[in-house]
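> Below is one structure. I have some questions about it.
Number of protein chains: 2
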Amino acid sequence: MTAAPSRADEQRSRVLRVSVEIFSRRGYRATSMNEIAAGVGLSKPTLYHYFRNKEELLVRIYSDVLDESLRMARETVAAAPTPLAALRELLVSRVVYTCENRELLKVCFEEEDELPPDLAEELLRRRRAFERIVVDQVRAHLAAHPGLELGTSPTVFVNLCLGAVNWTYKWYRPGGPRTPAELGREMAGALLASIDPAPPPANR
Amino acid sequence: MTAAPSRADEQRSRVLRVSVEIFSRRGYRATSMNEIAAGVGLSKPTLYHYFRNKEELLVRIYSDVLDESLRMARETVAAAPTPLAALRELLVSRVVYTCENRELLKVCFEEEDELPPDLAEELLRRRRAFERIVVDQVRAHLAAHPGLELGTSPTVFVNLCLGAVNWTYKWYRPGGPRTPAELGREMAGALLASIDPAPPPANR
DNA sequence: CTCCTTCGACCGACCGGTCGGTCGGCAGCC
DNA sequence: GGCTGCCGACCGACCGGTCGGTCGAAGGAG
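Residue numbers (the numbering used here), protein chains in the order written: chain A, 10 to 213; chain B, 10 to 213.
This is how it looks when you write it as structure tokens:
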């Protein structure tokens with residue numbers, strides 16, 4: 010059971026929401042604390058009442074995304090009947106999450122090395138944990154289908170898949186003909202074609 | 010025939026090389042003109058002797074990459090026997106180019122919207138021209154193989170492929186077991202599996 | 001009910017420092 | 001002697017962060 014959020018917690022998350030919006034639009038460095046304060050409707054000193062400094066904003070944003078991503082990935086894997094299905098759902102859910110949080114992921118992907126070096130290590134550790142979940146599904150799938158040839162290492166294959174999926178933050182625009190979920194299914198289909206033992210019938 | 014580069018041209022390209030190095034390491038906004046000047050071994054005013062302002066550095070970097078990319082893409086397509094071969098070579102050459110110019114592409118991908126709005130339009134036009142070359146190969150390949158089912162639109166498919174390929178700037182590190190060319194071939198193989206009418210025999 | 005204390009939320013004014021960019025001048029080569 | 005390459009010194013703007021202080025609600029004492 011999560012405790013009811015205090016007024017302070019609400020303010021903090023409002024600040025974070027506004028920060029994501031402005032960081033994604035103007036960049037972390039180019040955004041001043043005054044802009045954020047104005048966006049939230051507070052003064053700059055009040056921002057510092059809630060957060061130690063500018064860096065902490067970025068750390069919180071990045072860390073929260075990691076938490077959410079890890080949680081989603083573990084849930085997805087637990088619910089999937091086979092490693093291949095898990096892999097497919099993992100990719101679909103990443104596409105959906107990315108499409109629905111483009112600003113957030115833009116900040117995470119592009120401001121990654123503005124993170125303070127002392128925390129970067131621990132954050133990287135959690136990012137690796139996420140990637141490892143995906144790699145494990147590939148390995149499990151290959152182990153279950155000894156005839157399959159991946160043509161590369163599982164790590165490279167996962168980097169390729171996650172790259173294709175993450176890149177959607179650069180080109181996806183809402184309001185197109187596809188819902189994020191449809192888009193995710195189509196992309197996952199193309200990405201997993203090379204390791205799917207039962208490709209769709211229409212393949213000639 | 011290209012004219013012999015003047016001394017000034019050489020200095021300018023030295024400045025650009027150093028700028029790419031520092032921009033990629035510290036970010037465009039976080040990099041001061043003084044740092045660049047120190048890196049080149051000049052004073053700040055001398056930088057302004059060669060370039061109008063900081064923005065122009067970024068524009069030149071970005072524009073040069075576009076030129077080179079378009080040139081490479083056109084050459085590759087012209088030399089390929091079939092659309093599928095062209096597509097494969099296009100992806101391989103992108104991977105190789107990316108691996109060998111990680112800093113450069115990092116700057117282009119991550120500082121894209123620091124570009125001045127008045128030039129952004131024309132630069133975007135050229136970027137679209139590059140993407141269009143790739144899309145055209147997909148269309149031509151599908152037209153030549155009526156039985157093939159792409160499972161999505163050519164545009165989405167190209168975004169997916171280029172995303173996977175571009176993302177390599179985030180994870181590729183030289184000195185690994187694969188050369189960039191090998192890496193490119195492996196990745197292109199996986200990416201094109203879903204539209205390859207003659208997949209490798211070991212597939213089952 | 002009232003008075004008084006306490007405290008979180010909040011802000012105007014300010015500071016040290018940095019940044020992009022400029023100015024005026026010097027040196028050396030054609 | 002003019003042109004190119006070069007620089008020390010400087011400027012206005014702005015930024016992250018702090019300081020000192022206000023205000024109103026909560027809460028206990030009488």
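No residue lacks a Cβ here, since even glycine has one placed at the ideal position from N, Cα and C.
Since the structure is predicted, the reported quantities are computational estimates derived from the model, not experimental observations.
(1) Tell me whether the beta-carbon of Val105 of chain A lies closer than 8 Å to the beta-carbon of Pro189 of chain A.
(2) Of all Cβ atoms in chain B, is any one closer than 8 Å to the Cβ of Ala95 of chain A?
(3) Mind checking if Val116 of chain A is an interface residue toward chain B, Cβ cutoff 8 Å exclusive?
(4) Give the DSSP-derived three-state secondary structure of Thr55 of chain B in the structure shown.
(5) Figure out for me which residue from A:Ala82, A:Glu30, A:Lys63 has the closest Cα to the Cα of Met42 of chain A.
(6) Return the CA-CA distance between Leu86 of chain A and Asp145 of chain A, expressed in angstroms with no decimal places.
(7) What's the call for His150 of chain B, buried or exposed, on a 16-neighbour Cβ count within 10 Å?
(8) Scan the region 137–158 of chain A for residues whose Cβ lies nearer than 9 Å to a Cβ of chain B and list them as they occur along the chain.
(9) What are the start and end residues of the alpha helix (DSSP H) that includes Trp180 of chain A?
(10) With a threshold of 8 Å between beta carbons, is Val165 of chain A in contact with chain B?
(11) List the endpoints of the continuous alpha helix (DSSP H) containing Gly193 of chain A.
(12) Here's a check: name, in chain order, each residue in its chain whose Cβ is nearer than 7 Å to the Cβ of Arg69 of chain B, leaving out the five neighbours to either side.
(13) Do we get a CB-CB distance below 8 Å when we pair Leu192 of chain A with the residues of chain B?
(14) Would you check whether the ligand NAD has a heavy atom nearer than 7 Å to the C-beta of Asn175 of chain A?
(15) When the cut-off is 8 Å and only beta carbons count, does Arg195 of chain A lie next to chain B?
(16) Around the Cβ of Thr107 of chain A, are there at least 16 other Cβ atoms within 10 angstroms (buried) or fewer (exposed)?
(17) Pairs of beta-carbons, one from the region 113–121 of chain A and one from the region 161–174 of chain A, closer than 8 Å: are there three or more?
(18) Am I right that Ile204 of chain A and Leu157 of chain A are in contact with their C-beta atoms under 8 Å? What's the rounded C-beta distance?
(19) Out of B:Pro186, B:Pro206, B:Val74, point me to the one whose CA is closest to Ser162 of chain A's CA.
(20) What does Gly214 of chain A reach in chain B if we use C-beta pairs closer than 9 Å?
(21) Are at least three pairs of beta-carbons, each pair with one atom in the region 46–61 of chain B and one in the region 27–35 of chain B, less than 8 Å apart?
(22) Let me check understanding here. Comparing Cα to Cα, which of A:Glu98, A:Tyr71, A:Gly184 lies closest to Glu131 of chain A?
(23) Helix or strand or just coil, what does DSSP make of Asp145 of chain A?
(24) If we count the other Cβ atoms within 10 Å of its Cβ and call it buried at 16 or more, is Pro126 of chain A buried or exposed?
(25) Report all residues from its chain with a CB closer than 7 Å to the CB of Tyr178 of chain A; omit the five preceding and five following residues, and keep chain order.
(26) Comparing the C-beta of Glu39 of chain A with each C-beta of chain B, is any distance below 8 Å?
(27) So, Leu79 of chain A versus Ala129 of chain A, is the Cβ gap smaller than 8 Å?
(28) So, Leu201 of chain A versus Arg103 of chain A, is the Cβ gap smaller than 8 Å?
(29) On the criterion of 16 or more Cβ atoms from any shown chain inside 10 Å, does Ala153 of chain A qualify as buried, or is it exposed?
(30) Could you check if Gly184 of chain A is buried or exposed, using at least 16 other CB atoms within 10 Å of its CB as the buried criterion?
(31) Give a yes or no on whether the minimum CB-CB distance between Asn168 of chain B and chain A is below 8 Å.
(32) Please confirm whether Ala202 of chain A has its beta-carbon closer than 8 Å to some beta-carbon of chain B.
(33) At the 8 Å Cβ level, is Asn175 of chain B part of the contact set with chain A, yes or no?
(34) Less than 7 Å between C-beta atoms, sequence neighbours within five positions excluded: which residues of the same chain meet that for Gln20 of chain A?
Checking against the coordinates, here is how it stands:
(1) Here residue 105 of chain A refers to the residue found at position 96 when the first sequence is read from its first residue. Here residue 189 of chain A refers to the residue found at position 180 when the first sequence is read from its first residue. Contact flag set, yes.
(2) In the first sequence, counting from the first residue as 1, residue 95 of chain A sits at position 86. Ala95 of chain A does not count as touching chain B.
(3) Your numbering for residue 116 of chain A matches position 107 in the first sequence. Using a Cβ-Cβ cut-off of 8 Å, Val116 of chain A does not count as an interface residue toward chain B, since no Cβ of chain B sits closer than that to its own.
(4) As a first step, residue 55 of chain B must be located in the second sequence, where it is residue number 46. Residue state, collapsed to three classes: helix.
(5) Translated into positions along the first sequence, residue 42 of chain A becomes position 33. Nearest neighbour of Met42 of chain A by Cα position, chosen from A:Ala82, A:Glu30, A:Lys63, turns out to be A:Lys63.
(6) Position 77 of the first sequence holds residue 86 of chain A. Position 136 of the first sequence holds residue 145 of chain A. In the sequence under discussion, the amino acid at residue 86 of chain A is Val, which differs from the Leu named in the question. Distance from the CA of Val86 of chain A to the CA of Asp145 of chain A, rounded to the nearest whole angstrom, comes to 10 Å.
(7) Locating residue 150 of chain B in the second sequence gives position 141, where the first residue counts as 1. Here His150 of chain B is buried, its C-beta having at least 16 other C-beta atoms within 10 Å.
(8) Within the region 137–158 of chain A, the residues whose Cβ lies closer than 9 Å to some Cβ of chain B are His154, Gly156, Leu157, Glu158, listed in chain order.
(9) The count along the first sequence starts at 1 and reaches residue 180 of chain A at position 171. For Trp180 of chain A, the enclosing alpha helix (DSSP H) begins and ends at 177–180.
(10) Counting from 1 along the first sequence, the entry for residue 165 of chain A is found at position 156. Chain B contact via Cβ: present.
(11) Stepping through the first sequence from its first residue, residue 193 of chain A is reached at position 184. Judged by DSSP secondary structure, Gly193 of chain A falls within the alpha helix (DSSP H) whose first and last residues are 189–201.
(12) Within the second sequence, the letter at position 60 stands for residue 69 of chain B. If we look at Arg69 of chain B and ignore the five residues flanking it on each side, its Cβ neighbours are Leu25.
(13) On the first sequence, position 183 is the one that residue 192 of chain A refers to. With 8 Å as the cut-off, Leu192 of chain A counts as an interface residue toward chain B.
(14) Judged by which ligands are present, the structure shown has none, so any question about the ligand NAD falls away.
(15) Numbered from 1 along the first sequence, position 186 holds the residue referred to as residue 195 of chain A. Position check: residue 195 of chain A holds Glu in this sequence, whereas Arg was assumed. Closer than 8 Å to some Cβ of chain B, the Cβ of Glu195 of chain A qualifies, so yes.
(16) Along the first sequence, read from residue 1 onward, the residue named residue 107 of chain A stands at position 98. Classified as buried, Thr107 of chain A has 16 or more neighbouring CB atoms from the shown chains inside 10 Å of its CB.
(17) Inter-segment contact for the region 113–121 of chain A and the region 161–174 of chain A is absent: fewer than three beta-carbon pairs are separated by less than 8 Å.
(18) For the purposes of this step, residue 204 of chain A is taken as the residue at position 195 of the first sequence. For the purposes of this step, residue 157 of chain A is taken as the residue at position 148 of the first sequence. About 6 Å; that satisfies the 8 Å criterion.
(19) For the purposes of this step, residue 162 of chain A is identified with residue 153 of the first sequence, where counting begins at 1. For Ser162 of chain A, the nearest C-alpha among the options comes from B:Pro186.
(20) With chain A represented from 10 up to 213, any question about residue 214 of chain A goes unanswered, as that position is not in the structure.
(21) Under the Cβ criterion (8 Å, minimum of three pairs), the region 46–61 of chain B counts as touching the region 27–35 of chain B.
(22) Taking the first sequence and counting its residues from 1, one reaches residue 131 of chain A at position 122. It is A:Tyr71 whose Cα lies nearest to the Cα of Glu131 of chain A.
(23) Numbered from 1 along the first sequence, position 136 holds the residue referred to as residue 145 of chain A. For Asp145 of chain A, the secondary structure class from DSSP, reduced to helix, strand or coil, is helix.
(24) Numbered from its first residue, the first sequence carries residue 126 of chain A at position 117. By the Cβ-count criterion, Pro126 of chain A is exposed, with fewer than 16 other Cβ atoms from all chains shown falling within 10 Å of its own Cβ.
(25) Taking the first residue of the first sequence as 1, we reach residue 178 of chain A at position 169. Thr107, Arg111, Leu114, Lys115, Phe118, listed in sequence order.
(26) Against the first sequence, residue 39 of chain A aligns to sequence position 30. It should be pointed out that residue 39 of chain A corresponds to Ala in this sequence rather than to Glu. Output row for Ala39 of chain A: interface = yes.
(27) Taking the first sequence and counting its residues from 1, one reaches residue 79 of chain A at position 70. Taking the first sequence and counting its residues from 1, one reaches residue 129 of chain A at position 120. Taking the C-beta atoms as reference points, Ala129 of chain A is found no nearer than 8 Å to Leu79 of chain A.
(28) Taking the first residue of the first sequence as position 1, residue 201 of chain A is located at position 192. Taking the first residue of the first sequence as position 1, residue 103 of chain A is located at position 94. It is not a contact, given that the beta carbons lie outside the stated cut-off.
(29) As a working mapping, residue 153 of chain A is identified with position 144 in the first sequence. Counting the other Cβ atoms within 10 Å of the Cβ of Ala153 of chain A gives fewer than 16, which makes it exposed.
(30) Here the question's residue 184 of chain A lines up with position 175 in the first sequence. By the 16-neighbour rule on beta-carbons within 10 angstroms, Gly184 of chain A is exposed.
(31) As a first step, residue 168 of chain B is located in the second sequence; it is residue number 159 there, counting from the start. Among the residues facing chain A, Asn168 of chain B is included, as its CB has a counterpart in that chain under 8 Å away.
(32) Taking the first sequence and counting its residues from 1, one reaches residue 202 of chain A at position 193. So, interface residue.
(33) Here residue 175 of chain B corresponds to residue number 166 of the second sequence, with the count starting at 1. Yes, its Cβ sits closer than 8 Å to a Cβ of chain A.
(34) Translated into positions along the first sequence, residue 20 of chain A becomes position 11. Residues of the same chain with a CB within less than 7 Å of the CB of Gln20 of chain A, apart from the 5 flanking positions on each side, are Tyr59 in chain order.
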